[in-house]
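Quick note, the sequences are listed as chains A, B, C, D, E, F, G and H, same order.
Reading the first sequence from the start, the letters are residues 1 to 153 in full-length UniProt numbering.
Reading the second sequence from the start, the letters are residues 1 to 153 in full-length UniProt numbering.
Reading the third sequence from the start, the letters are residues 1 to 153 in full-length UniProt numbering.
Reading the fourth sequence from the start, the letters are residues 1 to 153 in full-length UniProt numbering.
Reading the fifth sequence from the start, the letters are residues 1 to 153 in full-length UniProt numbering.
Reading the sixth sequence from the start, the letters are residues 1 to 153 in full-length UniProt numbering.
Reading the seventh sequence from the start, the letters are residues 1 to 153 in full-length UniProt numbering.
Reading the eighth sequence from the start, the letters are residues 1 to 153 in full-length UniProt numbering.
Yeah, the Cβ is synthetic: ideal placement off N, Cα and C, and Gly gets one too.
It should be emphasised that the depicted structure is a prediction, and the values quoted were computed from it without experimental measurement.
First the structure, in the form of structure tokens, and then the observations on it.
Number of protein chains: 8
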Amino acid sequence: MQDWTVYLSGEIHTDWRGQIEEQSRALGLPVRFTAPVTDHPASDDCGASILGHEDTKFWYDHKGAKLNAIRTRSLLAAADIVVVRFGDKYKQWNAAFDAGYASALGKSLIVLHDPSLTHPLKEVDAAALAVAEKPEQVVQILKYVINGELDRT
Amino acid sequence: MQDWTVYLSGEIHTDWRGQIEEQSRALGLPVRFTAPVTDHPASDDCGASILGHEDTKFWYDHKGAKLNAIRTRSLLAAADIVVVRFGDKYKQWNAAFDAGYASALGKSLIVLHDPSLTHPLKEVDAAALAVAEKPEQVVQILKYVINGELDRT
Amino acid sequence: MQDWTVYLSGEIHTDWRGQIEEQSRALGLPVRFTAPVTDHPASDDCGASILGHEDTKFWYDHKGAKLNAIRTRSLLAAADIVVVRFGDKYKQWNAAFDAGYASALGKSLIVLHDPSLTHPLKEVDAAALAVAEKPEQVVQILKYVINGELDRT
Amino acid sequence: MQDWTVYLSGEIHTDWRGQIEEQSRALGLPVRFTAPVTDHPASDDCGASILGHEDTKFWYDHKGAKLNAIRTRSLLAAADIVVVRFGDKYKQWNAAFDAGYASALGKSLIVLHDPSLTHPLKEVDAAALAVAEKPEQVVQILKYVINGELDRT
Amino acid sequence: MQDWTVYLSGEIHTDWRGQIEEQSRALGLPVRFTAPVTDHPASDDCGASILGHEDTKFWYDHKGAKLNAIRTRSLLAAADIVVVRFGDKYKQWNAAFDAGYASALGKSLIVLHDPSLTHPLKEVDAAALAVAEKPEQVVQILKYVINGELDRT
Amino acid sequence: MQDWTVYLSGEIHTDWRGQIEEQSRALGLPVRFTAPVTDHPASDDCGASILGHEDTKFWYDHKGAKLNAIRTRSLLAAADIVVVRFGDKYKQWNAAFDAGYASALGKSLIVLHDPSLTHPLKEVDAAALAVAEKPEQVVQILKYVINGELDRT
Amino acid sequence: MQDWTVYLSGEIHTDWRGQIEEQSRALGLPVRFTAPVTDHPASDDCGASILGHEDTKFWYDHKGAKLNAIRTRSLLAAADIVVVRFGDKYKQWNAAFDAGYASALGKSLIVLHDPSLTHPLKEVDAAALAVAEKPEQVVQILKYVINGELDRT
Amino acid sequence: MQDWTVYLSGEIHTDWRGQIEEQSRALGLPVRFTAPVTDHPASDDCGASILGHEDTKFWYDHKGAKLNAIRTRSLLAAADIVVVRFGDKYKQWNAAFDAGYASALGKSLIVLHDPSLTHPLKEVDAAALAVAEKPEQVVQILKYVINGELDRT
């Protein structure tokens with residue numbers, strides 16, 4: 001059986017990645033999960049910490065964002081499926097950026113968000129092959145897509 | 001020897017996939033076969049079952065068709081050879097869609113159908129590198145293409 | 001204002017192309033419409049007529065289908081939008097093939113068909129950015145997409 | 001001199017597009033500007049209005065978002081430069097989606113926003129070739145990039 | 001009506017290009033024909049003549065062949081249709097090279113040769129959408145493909 | 001150490017492939033060699049034998065050439081390096097076709113032929129990164145390119 | 001006759017661009033020439049001047065280099081032929097960068113430099129279809145490539 | 001965990017590659033490093049040594065540079081990350097060429113050089129996702145990008 005690679009993009013403040021990974025492992029799904037660096041302070045400070053401090057906020061952020069892009073672009077390009085999760089806090093423009101980037105690369109896109117976000121996310125959802133509300137739905141999708149098995153509910 | 005990946009698209013109501021896979025295995029061909037979900041009710045109901053019921057037939061079908069597309073697009077893109085089988089029942093527009101999709105991706109296309117369908121399939125056949133009538137011919141093609149061995153008949 | 005190129009694929013037995021072209025012209029839309037050869041006997045016989053007769057039906061059809069592909073592939077590749085119309089007669093596998101081909105090229109796909117065909121066309125519709133029932137809806141889409149003008153109904 | 005095509009994506013509630021277009025015209029820059037439909041109600045209602053009402057908010061939005069995508073994807077693909085403007089209101093995930101989409105297509109990206117948004121936009125800015133604060137800076141960039149003329153300030 | 005670009009590759013010792021161009025012009029076909037440099041001595045000597053003499057035959061030829069490639073690659077890439085003509089003299093490996101190059105670019109390929117060459121050209125013919133014997137057949141193909149008009153014979 | 005894939009195209013009447021493979025194995029080079037079917041009668045007859053006899057020579061050849069293309073196109077696309085050998089007999093247009101095809105795919109091309117063929121092969125040689133006369137030179141190139149080891153001569 | 005687009009990259013301290021443009025115009029060649037901004041101070045200062053001063057040399061340069069990239073990348077991508085000129089002063093790494101960039105895009109590359117630079121430019125020259133020493137040779141190449149006319153010397 | 005491939009291009013006269021490889025190994029990073037042939041005399045002489053002597057310096061260099069390109073192009077294309085190191089000696093145009101080539105392929109680019117080279121390298125740095133001064137910074141980047149671990153300094 002082929003291994004699938006699924007990139008989990010977006011919100012980093014709840015445990016949705018852990019839930020998807022754990023439930024997929026419990027089902028024995030042949031999936032390799034990838035993700036951005038989810039340690040928020042590290043992802044903010046990596047550029048200045050490794051390459052030298054910047055006094056200006058813009059360049060401080062810039063250096064870090066570019067290091068993160070090395071990881072993100074490589075893993076997005078290597079993914080079969082990209083799941084993008086939007087939470088209820090923060091601007092999350094990087095999540096939407098990833099969704100657009102993945103869409104232009106022709107990746108299969110799954111968007112995960114609360115129904116309350118339906119209107120502002122309508123352009124992102126329109127590019128997706130599935131819009132889910134809960135992590136367990138993503139796991140059910142992976143189980144169906146990969147193994148062809150559907151748990152009737 | 002390299003492994004080949006062969007996607008078996010189209011008709012899901014006869015055992016042509018099983019025959020090709022079994023005969024290929026008997027010959028020891030280094031082929032990994034992939035296919036859409038061939039459980040018809042599951043492929044119809046997957047969207048509404050996993051992501052929530054839809055009262056409208058159009059959206060019920062739409063949600064399911066998109067989940068199936070996650071599987072189909074990934075496996076088509078990963079295939080070396082795409083075999084598309086047309087049977088004598090149903091519209092089978094998804095099979096012709098897959099043939100067009102595979103053709104635009106530059107995949108080697110083999111079409112499998114009864115000679116009675118020659119005229120309506122002429123555009124699909126014109127895009128193919130082989131047009132076969134029986135599953136065993138597909139197996140002979142794979143044997144020849146992969147191993148260079150021809151069983152004279 | 002930019003000119004748009006819209007390829008009108010599929011059914012050739014009703015006047016849907018004429019309606020779309022005439023209504024678009026009446027609205028002054030900057031659209032260049034392209035289409036396959038819609039003279040059915042010509043599209044069947046072109047290969048054998050130009051390149052020499054074939055006794056076998058398969059090769060007779062094959063030669064013609066390939067000549068038609070010269071036109072079809074070039075015009076599909078040059079289109080911004082591809083409209084595919086399915087009628088109630090014939091197999092129309094070439095229409096579904098075109099839809100798959102256009103989809104793999106990343107073209108914006110509009111599918112035009114009667115609601116009675118929703119279920120067998122669900123995979124094709126799932127790849128589309130719009131599913132319309134009547135030619136005038138396609139014209140309204142073009143008017144909105146190109147000029148940004150919406151006629152409220 | 002060659003004509004350049006510049007797509008103006010993002011915020012639709014202030015007159016930044018008008019300013020850029022007017023100032024560019026005053027300078028005689030050979031630029032063709034394109035943009036999404038900026039009539040907010042029309043862009044929300046286009047799908048249901050043209051293709052039929054939907055009772056469910058999700059599908060109502062979905063139909064409209066997909067029609068808008070026909071315009072957006074074509075114009076983004078045809079652009080030499082994509083300018084994405086973020087304002088201080090709304091989620092603007094479609095703007096970030098466009099930025100990601102344009103970036104994956106290899107388009108030259110200019111982001112336009114207030115410095116107060118620097119931190120949440122750092123991933124988007126990191127993909128850009130210029131980050132401006134005011135429309136007149138975008139015009140100066142176009143003047144320099146296209147004509148090679150720099151107004152020293 | 002759109003203009004088509006047709007590249008005429010291969011044999012340079014008979015007047016087949018002139019015939020195709022003249023007959024197409026007589027029919028008013030909207031075609032722009034392109035071709036390699038057909039002045040044989042110029043195409044042999046261009047490199048050494050412009051860039052400096054070479055004593056070694058290999059480098060003398062090499063410099064010329066690369067200059068010709070500047071023209072050939074650009075015109076092949078810009079063509080909608082590539083016609084490759086094989087005559088009865090010389091090795092004509094450059095013609096077969098062009099056919100392979102055009103085929104990998106996804107161009108519509110028409111091969112023009114005497115039936116006596118069918119066997120050695122079978123791989124080239126297999127990549128073509130039409131195999132013609134006479135220049136006037138190529139003109140008939142262009143007339144049909146572009147205008148949709150078939151002269152019954 | 002990475003494995004390299006080298007496709008050996010062209011002449012099938014001398015043992016050049018065997019020499020390259022044997023010498024490479026003796027040197028322990030991490031290379032996987034691929035090739036077309038080199039059993040001449042099988043490559044001529046495969047189409048008619050598997051898919052049904054054809055009375056017309058053209059279609060007999062056509063069916064076979066297309067089956068061979070399934071193998072050839074897949075292996076060419078998977079190769080890092082393509083070696084094309086021209087001998088002193090036959091038209092060998094398929095070898096030149098492969099060279100053009102590989103070149104358009106951006107493959108590293110090595111051409112192997114006697115100096116007496118320099119002039120007619122000048123366009124093919126001009127697209128190559130190396131032109132060798134003997135199989136052992138190809139092996140030395142592979143050793144150098146892969147291991148960085150140069151045997152001074 | 002088709003118009004050709006030729007990008008003139010590299011050295012900005014001698015009048016080689018002017019010579020090529022003037023001589024081409026005198027010959028009536030249908031060429032549109034493009035180039036980077038050749039006003040050295042402007043190309044150094046554009047970023048800080050338009051987008052705001054930077055105290056750090058690195059970011060001062062960075063902002064300018066990125067603005068220049070907007071022009072460079074667009075014009076390189078639109079060119080049929082890229083000429084890169086290396087002079088005897090400065091590092092000229094941007095010229096070599098452009099050559100690599102153009103080469104990866106599959107553009108026809110002409111390198112223009114004094115023979116004294118042959119050894120350090122050998123990798124760049126190896127990617128080129130012509131290596132010239134004088135501007136008038138570039139003009140002769142354009143005349144030959146575009147018009148097929150060779151002035152014997 | 002996925003393996004990453006990192007190509008180390010550029011300067012061959014100091015031990016920066018060895019340092020990066022050793023430190024990465026010490027950290028257990030799952031990286032496969034690739035590089036050009038760093039034996040300078042071998043890389044100069046390989047062409048003439050294997051394929052035959054050339055009296056002219058240009059062709060002597062040319063043959064060698066093309067053999068090196070077989071290795072370089074394949075390894076660059078297979079890399080996830082390309083590190084390009086500029087030292088204080090020699091022209092190093094091949095390093096800048098590689099940077100441009102990698103950039104056009106969309107590779108993540110890291111440039112490694114002394115701050116004294118900032119100005120002449122500004123166009124190269126502008127295309128990079130990171131600009132480092134020391135090999136240990138490259139190792140820290142790899143550790144962060146691959147494992148998500150940041151050593152605060």
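Just confirm the distance between the C-beta atoms of residue i and residue j, as a whole number of angstroms; I'd bet it's less than 8 Å.
i, j, result
"E/Val-37", "E/Val-6", "About 17 Å; that fails the 8 Å criterion."
"A/Ile-141", "A/Ala-132", "7 Å"
"H/Val-139", "H/Ile-110", "About 11 Å separates the two Cβ atoms, so there is no contact after all."
"F/Ser-9", "H/Arg-73", "In fact, because the Cβ distance is near 19 Å, the residues do not count as touching under 8 Å."
"A/Leu-117", "A/Tyr-101", "20 Å between Cβ atoms; not a contact."
"A/Ile-146", "A/Leu-29", "6 Å"
"A/Ala-104", "D/Leu-105", "5 Å"
"residue 233 of chain A", "A/His-40", "Nothing in the structure corresponds to residue 233 of chain A, since chain A is present only between 1 and 153."
"B/Trp-93", "C/Val-124", "6 Å"
"D/Ala-65", "A/Lys-122", "4 Å"
Straight-line CA distance for residue i to residue j?
i, j, result
"H/Phe-97", "H/His-113", "16 Å"
"E/Ala-130", "F/Asp-55", "20 Å"
"G/Pro-120", "H/Lys-91", "6 Å"
"F/Glu-149", "H/Ile-50", "11 Å"
"E/Arg-71", "E/Thr-34", "10 Å"
"B/Ala-69", "B/Asp-45", "14 Å"
"B/Met-1", "B/Arg-25", "At B/Met-1 the pLDDT is 48, less than 50, meaning the model places this residue with poor confidence; the figure from the coordinates comes in the next sentence. About 15 Å."
"F/Lys-63", "G/Glu-136", "52 Å"
"D/Ile-81", "D/Trp-4", "8 Å"
"H/Pro-115", "A/Tyr-60", "18 Å"
"E/Lys-134", "E/Arg-85", "10 Å"
"G/Tyr-144", "F/Gly-52", "51 Å"
Please list the partners that residue i has in chain H, where partner means a Cβ-to-Cβ separation under 7 Å.
i, result
"F/Ser-108", "Ile-70, Arg-73, Ser-74"
What residues match up with residue i in a beta bridge as DSSP calls it?
i, result
"D/Val-138", "None, per the DSSP bridge assignment."
"F/Ile-110", "F/Val-83, F/Ala-130"
"C/Val-31", "C/Trp-4"
What in chain F is Cβ-close to residue i, meaning under 8 Å?
i, result
"B/Gln-23", "Going along chain F, no residue has its Cβ under 8 Å from B/Gln-23, so there is no contact; the nearest lies around 13 Å."
What in chain F is Cβ-close to residue i, meaning under 9 Å?
i, result
"E/Pro-120", "Tyr-90, Lys-91, Gln-92, Trp-93, Asn-94"
By the criterion of Cβ-Cβ separation under 8 Å, what are the contact partners of residue i in chain G?
i, result
"H/Val-124", "Trp-93, Asn-94, Phe-97"
Against residue i, what residues of chain C qualify as contacts under a CB-to-CB distance less than 7 Å, listed in chain order?
i, result
"B/Phe-58", "Thr-118"
"B/Leu-105", "Ala-104"
Could you name the residues of chain D that residue i contacts, counting a contact when the two beta carbons are closer than 9 Å?
i, result
"G/Ala-42", "Tyr-144, Gly-148, Glu-149, Leu-150, Arg-152"
Residues of chain C with CB closer than 8 Å to the CB of residue i, please, in chain order.
i, result
"E/Asp-80", "Ser-74"
Using the beta-carbon of each residue, which ones in chain H are nearer than 8 Å to residue i?
i, result
"G/His-53", "Within chain H, no residue comes near G/His-53; the closest Cβ sits about 16 Å away, beyond 8 Å."
Would you mind telling me which residues of chain D sit closer than 7 Å to residue i, beta carbon to beta carbon, in chain order?
i, result
"G/Ile-50", "Gln-137, Gln-140, Ile-141, Tyr-144"
"G/Lys-66", "Leu-129, Ala-130"
At 8 Å on the CB atoms, spell out the chain A contacts of residue i, in chain order.
i, result
"H/Leu-27", "Ordered by position in chain A, no residue passes the 8 Å Cβ test against H/Leu-27, which lies about 14 Å from the chain."
"B/Asp-39", "Gly-148, Leu-150"
Taking Cβ-Cβ distances shorter than 7 Å, what residues in chain F pair up with residue i?
i, result
"E/Asp-61", "Thr-118, His-119, Lys-122"
So which residues of chain E does residue i contact, with C-beta pairs closer than 8 Å?
i, result
"F/Gly-100", "Ala-96, Phe-97, Asp-98, Ala-99, Gly-100, Tyr-101, Ala-102, Ser-103, Ala-104"
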